[in-house]
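A.B. asks: In full-length UniProt numbering, the protein residues as written are 1 to 199. Glycine included, C-beta positions come from ideal geometry on N, C-alpha and C. Here the structure is a predicted model, which means the values were calculated and not measured.
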Amino acid sequence: MAAADFSRMIAAAADTIAAHAEELTALDQAIGDGDHGLNMKRGFEAVRAEADAFAAKPLPEALKAVGTKLVMTVGGASGPLFGTLFMALGKDLPPAADRAALTAALNKAIEAVAARGKSQPGQKTMLDVLQPVYEALAQGKTAGEIADAADKAAAATVPMKALRGRASFLGERSIGHMDAGARSTALLVRAVAEAIEAI
Ligand code: ADP
Ligand code: MG
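1. According to DSSP, simplified to helix, strand and coil, what is valine 189?
2. Under 8 Å, do leucine 63 and phenylalanine 86 count as touching if we go by C-beta distance?
3. Give a single yes or no on whether aspartate 28 has its beta carbon closer than 7 Å to a heavy atom of the ligand ADP.
4. Would you decide whether phenylalanine 54 is buried or exposed? Buried here means 16 or more other CB atoms lie within 10 Å of its CB.
5. Would you say the beta carbon of arginine 190 comes nearer than 7 Å to a heavy atom of the ligand ADP?
6. If I measure Cβ to Cβ from isoleucine 146 and keep anything under 7 Å in the same chain, skipping five residues before and after, which residues do I get?
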């Protein structure tokens, strides 16, 4: 991937997080502590500030640098988890990644997030978006279809009962609200899918 394409992808991710920060805050206020919007905005602005330096590295190193920066800047429960996602993608992707390599690396990265969070799909977290995105990627879906699958998966967290993260403290009362991390993951998936499609 060309450095300019990687920079554009980071900018698209940071833009969508910034544009939806208040929405993410409101979602986290309903069943968490209300910091998710600011956490994500702080992290992705920090990544944006170093986008060109990261983009100059080979793709695996660039992704690891993004993950490391997110761990250092997002905070909360989601920082180490999003950080793990990007670091694991960097660990498993070859420098010249094709769709098959991305699919395999995403599978590994989801396993790494699940291990870090002691979590699995079905518990009302970001994994409930990541897993369907992996499946759509594996099924050969288009970028638009993958982004739509991510939105649908985030919406499908509304009726779930949270079993991980702060929302799990609410038990049954977590039902009826979208998981903030699922929503931010869907936003990132759409931004990246559209950026990849535009290459
Ligand atoms: P905190 O919960 O510490 O305030 P954030 O608000 O930034 O951190 O992030 C909350 C999001 O992190 C949740 O909406 C959920 O998607 C995700 N999350 C929390 N704990 C876990 C976990 N153990 N496994 C996977 N995702 C998790
Ligand atoms: Mg929170």
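C.D. replies: To lay it out plainly:
1. DSSP places valine 189 in helix when its eight states are reduced to three.
2. yes
3. Within the cutoff, so yes.
4. buried
5. no
6. Val133, Ala136, Leu137, Val189 and Ala193
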